[in-house]
Amino acid sequence: MQLRDYQQDSVNAAIRHFKHSNETAVIVLPTGAGKSIVIAELARIANGNVLVLTHVKELVSQNAEKVGLLTAEANIYSAGLNQKKANGKTVVASVQSAARALDQFNQAFSLVIIDECHRVSNEKTSQYQQLLAHLAKQNPSIKVLGLTATPYRLGMGWVYRHHYHGKAGNVDDPVFEKCIFELPMRPLIKQGFLTQPKIFDGLSAQYDFNQLTVSDNGHFNEQQVDSLLQHQGRATTAIINQVIQLAHQRKGVIVFAATVRHAEEIMALLNKQPAPSAALITANTPHVERDDIISTFKSQQLKFIVNVSVLTTGFDAPHVDLIAILRPTASVSLFQQMVGRGLRLAPDKTDCLIIDYAANGFDLYYPEVGQAKPNSKSVPVQVHCPVCEFANTFWGLVDNDGDIIEHFGRRCQGLIEPEPVLESNKLQQCEFRFRSKACPDCGAENDIAARVCQSCNSTLIDPDKHLKQVLQSQHHHLFKCQQMQLSNQDNKLVVTYIDIEGNDFKQSFKFDTPAQRKAFYAAFVLPHTRTPGMLHPTYATVDKVIEDKQRFRMPNLILLKKQQRFWKQVELFFDYQGKHKIDFS
149 MQLRDYQQDS VNAAIRHFKH SNETAVIVLP TGAGKSIVIA ELARIANGNV
199 LVLTHVKELV SQNAEKVGLL TAEANIYSAG LNQKKANGKT VVASVQSAAR
249 ALDQFNQAFS LVIIDECHRV SNEKTSQYQQ LLAHLAKQNP SIKVLGLTAT
299 PYRLGMGWVY RHHYHGKAGN VDDPVFEKCI FELPMRPLIK QGFLTQPKIF
349 DGLSAQYDFN QLTVSDNGHF NEQQVDSLLQ HQGRATTAII NQVIQLAHQR
399 KGVIVFAATV RHAEEIMALL NKQPAPSAAL ITANTPHVER DDIISTFKSQ
449 QLKFIVNVSV LTTGFDAPHV DLIAILRPTA SVSLFQQMVG RGLRLAPDKT
499 DCLIIDYAAN GFDLYYPEVG QAKPNSKSVP VQVHCPVCEF ANTFWGLVDN
549 DGDIIEHFGR RCQGLIEPEP VLESNKLQQC EFRFRSKACP DCGAENDIAA
599 RVCQSCNSTL IDPDKHLKQV LQSQHHHLFK CQQMQLSNQD NKLVVTYIDI
649 EGNDFKQSFK FDTPAQRKAF YAAFVLPHTR TPGMLHPTYA TVDKVIEDKQ
699 RFRMPNLILL KKQQRFWKQV ELFFDYQGKH KIDFS
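Here it is in structure tokens:
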């Protein structure tokens, strides 16, 4: 079997890396790019024994099959496949089965390959970490390589510390050290290695999930979702009627439902057809029944398969050419996994129709962004660091011309050469912060969510505690902004902040001298800019500032102190999420 060029390139990257390093590594290939072939080739050329790990029996079987095509047949250790052979040149194992039988893995492995490695936790008590620790006792020089299509997890961040393109990942607590190879999806589609996706928002109806709140790990509360869907029953009916209509010209349809209750409602609508051809899989579906449903679907005796958070990985049915996404997700990774179920090539398959009825709003071709999506209108934007000039990808807002209106980046992700005084020759993350808060003790800039100063380890004051202490003293007032207006009054820029009760607080800036304009830039432009780190025009007149008012953001709160005859601004609070933002008592 001849490897495709990019598959060989990824294998070569692994060889180069492990010749000079024992650091854990990651290869990123899109869904459908043939990760199993890459795994098989690495198993073939490895000098020592190889262990391939994954989390579902379907991938165990698939990886073992590909190993057998390129080299000697692999042994399998998987309770789900009723095979338990833990020794041999190449062993393909389910991590759940292997972690429950550590004593069976007593031979030395030179290489561990983890498929779908974004699922690996860095908790020492996790199954993967327990197994890796056990294997390291047999061979302290063991090399660990992960493969995934989605190297980012909400709640944890990037799975790697740094990227070979010179980008920092999760520098605090990554599972893997370095991403050594990554291939985007677009060239695979252009070269005909993946099916052309045709992505649309809901055509006849669409759910509105904007009221939902997402947890730090990207999950939505199931009760909230069900409650919202109960009030959108007509939408579900219209959506499924359209899916049925579109399916007449399609071979295989996957429906991603939001909850079990939602899935059951969808099944009831599908089964109203004259010849029902649908089945449902959830986490509670018995394994035997699940295997039967998948087998029947793959043989195209079923047209529809409805699932709830099950068929995002380890499921390969190339004939699928219609995907209906009826569930919300805050994760680009999960969105790509769902879409990827329909991108494999199949005879007479020219495209895959993907309809996002949940208005998730992700662009399939954009790279993952290293933070949660702040709102539904955000898109990835490129922001160059003013210090190291690295081209960062952040969430942001753009106008109709594609120009950046606002970005939500915090710290530059560029990797730079260390200072000569440092003993380590490892690349260091650029220190520039687009948004930060200063340590009151040493003045160092820290992430806006930091609790301890990175430089002096001082405890950073919680904004709410700080405000509570200040407001307990006399002559202070917390102004909660609802509007910000800019106006020209006698050739002075007047900034008027208005609160929920209509009270106002004003500041004025003169533009007569260079010193006054410089003071305005420091006091207003820098803290209020929506695009920190990006150059602003040189404002010579008040009217030019007013013309550019969309560039500036309003503070959430202003702390004021009473002087003899006026209020003086003490502190501005941006990016504030505490109780004072919503407590208008």
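When we follow this note's numbering, the leftmost residue of the sequence shown carries the number 149, and every step to the right adds one.
Glycine included, each C-beta is placed from N, C-alpha and C at the ideal position.
Report yes if the CB atom of residue i is closer than 8 Å to the CB atom of residue j, and no otherwise.
| i | j | result |
| --- | --- | --- |
| Val-468 | Arg-489 | yes |
| Cys-560 | Cys-536 | yes |
| Leu-608 | Ala-598 | yes |
| Gln-448 | Gly-400 | yes |
| Ala-472 | Ile-441 | no |
| Asp-157 | Phe-329 | yes |
| Ile-185 | Gln-155 | yes |
| Val-673 | Lys-640 | no |
| Lys-291 | Arg-309 | no |
| Cys-578 | Phe-538 | yes |
| Val-174 | Asp-263 | no |
| Thr-109 | Arg-713 | In the structure as shown, the chain starts at 149 and stops at 733, and residue 109 therefore has no counterpart that could be examined. |
| Val-243 | Ile-224 | no |
| Ala-406 | Leu-491 | no |
| Leu-705 | Lys-315 | no |
| Ala-234 | Gln-275 | no |
| Met-415 | Leu-394 | no |
| Phe-657 | Phe-627 | no |
| Leu-293 | Ala-194 | no |
| Leu-493 | Thr-343 | yes |
Measuring only the C-alpha atoms, how far is residue i from residue j?
| i | j | result |
| --- | --- | --- |
| Leu-177 | Thr-686 | 45 Å |
| Ser-737 | Gly-303 | Outside the displayed span of the chain (149 to 733) sits residue 737, for which this structure offers no information. |
| Leu-283 | Lys-346 | 45 Å |
| Arg-267 | Gly-305 | 12 Å |
| Arg-301 | Leu-217 | 33 Å |
| His-168 | Val-517 | 30 Å |
| Asp-320 | Asn-540 | 19 Å |
| Pro-566 | Asn-270 | 27 Å |
| Thr-298 | Lys-716 | 50 Å |
| Phe-445 | Ile-261 | 30 Å |
| Tyr-669 | Glu-554 | 18 Å |
| Arg-438 | Phe-722 | 50 Å |
| Ala-191 | Ala-281 | 21 Å |
| Ser-584 | Phe-556 | 12 Å |
| Asp-638 | Asp-696 | 19 Å |
| Arg-558 | Ala-222 | 47 Å |
Less than 8 Å between C-beta atoms, sequence neighbours within five positions excluded: which residues of the same chain meet that for residue i?
| i | result |
| --- | --- |
| Asn-419 | Ala-426 |
| Ser-606 | Cys-587, Pro-588, Asp-589, Cys-590, Val-600 |
| His-624 | Val-618, Leu-707, Leu-708, Lys-709, Lys-710, Val-718 |
Relative to the C-alpha of residue i, which candidate in the options has its C-alpha closest?
| i | options | result |
| --- | --- | --- |
| Thr-189 | Leu-377, Ala-383, Asn-160, Val-174 | Before going on, a small fix: residue 189 reads as Glu here, not Thr. Nearest C-alpha to Glu-189: Asn-160. |
| Glu-206 | Pro-662, Ala-465, Gly-294, Pro-566 | Ala-465 |
| Met-333 | Asp-638, Val-454, Phe-452, Gln-484 | Gln-484 |
| Pro-522 | Asp-549, Thr-477, Lys-497, Leu-563 | Thr-477 |
| Gly-681 | Leu-293, Gln-530, Asp-263 | Gln-530 |
| Val-239 | Leu-259, Gly-228, Arg-248, His-310 | Leu-259 |
| Ala-411 | Thr-273, Arg-398, Lys-525, Ala-431 | Ala-431 |
| Lys-451 | Thr-460, Ala-494, Arg-438, Val-391 | Val-391 |
| Ala-386 | Arg-492, Glu-413, Thr-407 | Glu-413 |
| Leu-151 | Lys-214, Asn-195, Leu-575 | Lys-214 |
| Ala-688 | Asp-696, Ala-256, Phe-659, Asn-197 | Phe-659 |
| Phe-463 | Thr-179, Leu-428, Ile-646, Phe-542 | Thr-179 |
| Arg-581 | Pro-534, Pro-703, Leu-493 | Pro-534 |
| Gln-421 | Gly-317, Asn-389, Asn-197 | Asn-389 |
| Lys-237 | Asp-349, Leu-512, Val-198 | Val-198 |
| Leu-229 | Ala-241, Thr-219, Glu-221 | Ala-241 |
| Gln-255 | Val-436, Ser-226, Gly-196 | Gly-196 |
| Lys-338 | Tyr-513, Tyr-724, Lys-692 | Tyr-513 |
| Thr-384 | Thr-202, Gly-350, Ile-453 | Gly-350 |
| Pro-495 | Ser-479, Arg-398, Pro-434, Leu-575 | Arg-398 |
With a cut-off of 8 Å on the beta carbons, I'd call residue i and residue j a contact; round off their distance for me.
| i | j | result |
| --- | --- | --- |
| Cys-265 | Val-307 | 7 Å |
| Ile-552 | Thr-679 | 6 Å |
| Gln-633 | Thr-644 | 4 Å |
| Ser-526 | Gly-550 | Contact flag wrong, Cβ pair sits at about 14 Å. |
| Phe-253 | Asn-287 | At roughly 11 Å, the Cβ-Cβ gap does not stay under 8 Å, so Phe-253 and Asn-287 are not in contact. |
| Ala-181 | Phe-324 | At roughly 19 Å, the Cβ-Cβ gap does not stay under 8 Å, so Ala-181 and Phe-324 are not in contact. |
Give me, in chain order, the residues of the same chain whose beta-carbon lies closer than 7 Å to that of residue i; leave out the 5 immediate sequence neighbours on both sides.
| i | result |
| --- | --- |
| Arg-409 | Asp-374 |
| Val-718 | Leu-707, Leu-708, Lys-709 |
| Thr-460 | Leu-482, Gln-485, Met-486 |
| Asp-647 | Phe-627, Lys-628, Cys-629, Gln-630 |
| Ala-506 | Tyr-355, Phe-357, Ile-473, Leu-474, Arg-475, Pro-476 |
Looking only at its own chain, which residues have a Cβ that is under 6 Å from the Cβ of residue i, when we skip the five neighbours before and after it?
| i | result |
| --- | --- |
| Gln-210 | Ser-184 |
| Ser-733 | With a pLDDT of 38 at Ser-733, under the threshold of 50, the modelled position of that residue is not reliable, and the figure given next carries that caveat. Excluding sequence neighbours, Ser-733 sits near nothing in its chain. |
| Leu-501 | Lys-346, Leu-470 |
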